[in-house]
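Here's the structure, in structure tokens; my notes come after.
Protein chains in written order, with this note's numbering: chain A, 81 to 413; chain B, 4 to 232.
Next comes the structure, spelled out in structure tokens:
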């Protein structure tokens with residue numbers, strides 16, 4: 081029986097500025113009126129590498145680069161997701177063939193999109209059936225160990241897209257600045273899942289950060305870690321009213337690492353799970369540089385008119401528990 | 004840690020010197036088997052837990068600082084109780100317990116987007132229970148009202164965070180010294196002596212509210228009243 085399937089273009093990594101996308105910390109699909117988290121229910125996730133359309137790198141080097149990126153995600157000790165190479169294929173990404181394929185396509189029309197991930201979802205069960213990644217040959221690519229001037233690092237970009245393929249949305253842990261001629265340039269990021277890529281030649285995006293690790297762990301938790309990890313939750317208000325889309329960073333003062341989340345409900349609540357127990361402080365900010373479209377639907381009333389603030393109480397994430405609601409009041413800019 | 008230890012030893016030596024001048028009067032010595040109970044106040048000095056910057060990675064692999072943090076367990080005055088039993092004329096074994104509520108403080112400065120500097124705090128309930136020994140400096144123990152001593156001990160540390168969401172445990176060790184001032188002493192009767200005790204200690208805590216499992220030192224000063232039976 082042929083299943084009713086829905087193709088979703090979910091997320092893209094862009095050079096300087098993001099197009100509209102539907103990304104959260106995790107992706108969700110609506111099945112039977114209920115929203116469920118988009119994730120693989122069976123692992124290892126099998127993937128193929130397309131031999132078509134490659135211009136800058138040999139197919140063996142392309143495969144080696146994506147293999148390393150898959151291995152990086154699979155090596156997260158607190159998560160259970162695994163991947164398996166299924167072979168080289170002549171099929172191209174974007175075809176609804178039940179095969180998760182990574183490959184190159186020439187899309188000069190997408191002049192700011194380096195790569196993009198799409199999903200095929202079973203509308204009845206909500207199960208993820210297929211996920212394809214395409215890399216845009218409108219840009220120059222490199223697989224050199226130390227990177228190459230003027231070329232984007234394939235492994236770094238693959239690492240980001242495989243995060244999407246695994247069910248992760250965008251992270252807002254990054255700083256950007258306006259570029260001459262439009263768009264934004266990344267000054268720094270502390271998440272592979274930041275929506276804008278490092279500049280060409282950089283290989284700094286090959287390493288997962290605490291935010292990425294927490295995200296993949298939240299989707300595919302390793303049992304022992306799940307039984308000991310904790311969460312922080314709270315509510316953000318401005319002049320007494322809840323706000324949507326506030327970015328909350330929980331900073332682990334002992335380890336020096338940060339994990340981000342958003343207020344995602346109409347009553348301004350947030351929750352960040354799969355956190356390592358410890359002492360945290362909370363920083364609440366509007367989404368950087370008003371880059372709202374990289375994170376939320378345009379239809380959502382995302383509030384970016386408030387000042388950055390630290391919560392004036394220490395937040396202790398307990399083992400196998402939640403902090404209890406942390407109230408945060410922000411003020412208009 | 005060195006500084007705290009030196010403070011404690013310095014106070015101990017000061018106490019020894021002070022007791023020499025006051026040792027002219029004669030009071031009955033406490034013999035083995037005597038029980039001593041004390042209750043008083045204990046002040047723990049601030050404990051620096053560590054500093055960390057919130058950094059983000061630049062395209063070249065460097066760091067961009069977003070803000071800085073510095074974390075301390077603040078100084079605190081609490082209660083302390085002891086029960087000691089004299090093993091020898093100059094040696095006493097003690098059981099000890101204390102309670103206090105220090106503030107855990109994270110000072111946040113230098114935000115890249117000019118968020119105001121903040122000190123985030125929470126109150127921690129801190130319990131200790133342990134044991135130690137007190138050695139009375141022999142030359143004075145039998146004759147003076149002001150009796151110097153050195154002491155050391157080890158115990159269990161239990162700290163509960165403000166929202167009671169998390170419990171931290173650890174160990175503590177202390178070494179120091181002080182004086183006991185005998186206000187009243189007699190050779191017979193249920194109550195053998197009463198007096199005041201003042202001491203200074205260097206306390207090393209491991210684990211508990213900490214960034215690592217290593218030792219962290221802070222000074223402590225105690226003052227209590229005691230009754231010897």
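For glycine and all other residues, C-beta sits at the position ideal for the given N, C-alpha and C.
To the nearest angstrom, how far is it from the Cα of residue i to the Cα of residue j?
| i | j | result |
| --- | --- | --- |
| residue 358 of chain A | residue 70 of chain B | 19 Å |
| residue 225 of chain B | residue 152 of chain A | 54 Å |
| residue 167 of chain B | residue 108 of chain A | 34 Å |
| residue 158 of chain B | residue 287 of chain A | 43 Å |
| residue 333 of chain A | residue 360 of chain A | 6 Å |
| residue 252 of chain A | residue 215 of chain B | 29 Å |
| residue 255 of chain A | residue 131 of chain B | 45 Å |
| residue 87 of chain B | residue 97 of chain B | 4 Å |
| residue 197 of chain A | residue 276 of chain A | 14 Å |
| residue 148 of chain B | residue 141 of chain B | 13 Å |
| residue 140 of chain A | residue 225 of chain A | 15 Å |
| residue 412 of chain A | residue 346 of chain A | 19 Å |
| residue 399 of chain A | residue 124 of chain B | 20 Å |
| residue 366 of chain A | residue 199 of chain B | 59 Å |
| residue 37 of chain B | residue 89 of chain B | 5 Å |
| residue 119 of chain A | residue 241 of chain A | 14 Å |
| residue 25 of chain B | residue 208 of chain B | For residue 25 of chain B, the pLDDT reaches just 38, beneath the cut-off of 50, and the residue's location in the model is therefore unreliable, although a value from the coordinates is still provided. Approximately 35 Å, taken between the alpha carbons. |
| residue 28 of chain B | residue 190 of chain B | Confidence at residue 28 of chain B is low in this model, with a pLDDT of 46, below 50, so the placement of that residue is unreliable and no value is reported for it. |
| residue 153 of chain B | residue 119 of chain B | 47 Å |
| residue 337 of chain A | residue 231 of chain A | 30 Å |
| residue 340 of chain A | residue 353 of chain A | 10 Å |
| residue 229 of chain A | residue 204 of chain A | 47 Å |
| residue 53 of chain B | residue 74 of chain B | 6 Å |
| residue 188 of chain A | residue 215 of chain A | 11 Å |
On a CA-only basis, which of the options is nearest residue i? Give me that one, please.
| i | options | result |
| --- | --- | --- |
| residue 406 of chain A | A:372, A:260, A:317 | A:317 |
| residue 279 of chain A | B:34, B:53, B:61 | B:61 |
| residue 177 of chain B | B:220, B:149, B:191, B:42 | B:220 |
| residue 121 of chain A | A:354, A:168, A:202, A:172 | A:202 |
| residue 319 of chain A | A:312, A:307, A:348, A:227 | A:348 |
| residue 158 of chain A | A:400, A:300, A:350 | A:300 |
| residue 68 of chain B | B:74, B:76, B:59 | B:59 |
| residue 310 of chain A | A:168, A:401, A:171 | A:401 |
| residue 185 of chain A | A:164, A:374, A:213, A:167 | A:213 |
| residue 180 of chain B | B:194, B:156, B:75 | B:156 |
| residue 163 of chain A | A:261, A:178, A:385, A:127 | A:127 |
| residue 183 of chain A | A:170, A:193, A:190, A:189 | A:170 |
| residue 219 of chain A | A:194, A:228, A:250, A:245 | A:194 |
| residue 122 of chain B | B:107, B:39, B:134 | B:107 |
| residue 150 of chain A | A:257, A:246, A:325 | A:246 |
For a cutoff of 8 Å on Cβ pairs, would you count residue i as touching chain A?
| i | result |
| --- | --- |
| residue 25 of chain B | Only weak support exists for where residue 25 of chain B lies, its pLDDT of 38 falling under 50; the value from the coordinates is given anyway. For residue 25 of chain B, the answer is no, since every Cβ of chain A falls outside 8 Å of its Cβ. |
| residue 95 of chain B | no |
| residue 63 of chain B | yes |
| residue 232 of chain B | no |
| residue 99 of chain B | no |
| residue 130 of chain B | no |
| residue 195 of chain B | no |
| residue 221 of chain B | no |
| residue 56 of chain B | yes |
| residue 111 of chain B | yes |
| residue 227 of chain B | no |
Beta-carbon within less than 6 Å of residue i's beta-carbon, same chain only, minus the 5 sequence neighbours each way: which residues are those?
| i | result |
| --- | --- |
| residue 234 of chain A | 145, 221, 223 |
| residue 156 of chain A | 293, 296 |
| residue 268 of chain A | 255 |
| residue 165 of chain B | 125, 126 |
For chain B, is any of its Cβ atoms less than 8 Å away from the one on residue i?
| i | result |
| --- | --- |
| residue 398 of chain A | yes |
| residue 288 of chain A | no |
| residue 390 of chain A | yes |
| residue 268 of chain A | yes |
| residue 278 of chain A | yes |
| residue 416 of chain A | This structure does not reach residue 416 of chain A, given that chain A is present from 81 up to 413, and the question cannot be answered. |
| residue 408 of chain A | no |
| residue 384 of chain A | no |
| residue 404 of chain A | yes |
| residue 254 of chain A | yes |
| residue 232 of chain A | no |
Quick one: residues in its chain with C-beta nearer than 8 Å to the C-beta of residue i, no 5 flanking neighbours on either side, listed in chain order?
| i | result |
| --- | --- |
| residue 243 of chain A | 153, 272, 273, 292, 295, 296 |
| residue 362 of chain A | 312, 314, 328, 329, 330, 331, 390, 391, 395, 406, 408 |
| residue 248 of chain A | 105, 106, 107, 273, 292, 295, 296, 299 |
| residue 228 of chain B | 41, 42, 43, 197, 198, 199, 200 |
Leaving out five residues before and five after residue i in sequence, what residues of the same chain have Cβ atoms less than 7 Å from its Cβ?
| i | result |
| --- | --- |
| residue 56 of chain B | 68, 71 |
### Query
In chain order, which continuous runs of the beta strand (DSSP E) of length 3 or greater are located wholly inside the stretch 93-165 of chain A?
108-111, 114-117, 125-130
### Message
At 4 residues or longer, what runs of the alpha helix (DSSP H) sit wholly inside the stretch 209-248 of chain A?
### Response
Listed in chain order, the alpha helix (DSSP H) elements of length 4 or more contained wholly in the stretch 209-248 of chain A are 234-245.
### Query
Which ranges does the beta strand (DSSP E) cover as unbroken runs of at least 3 residues, wholly within the stretch 138-187 of chain B, from first to last along the chain?
149-163
### Query
What residue ranges within the stretch 240-324 of chain A form continuous alpha helix (DSSP H) runs of no fewer than 4 residues, ordered along the chain?
290-299, 303-306
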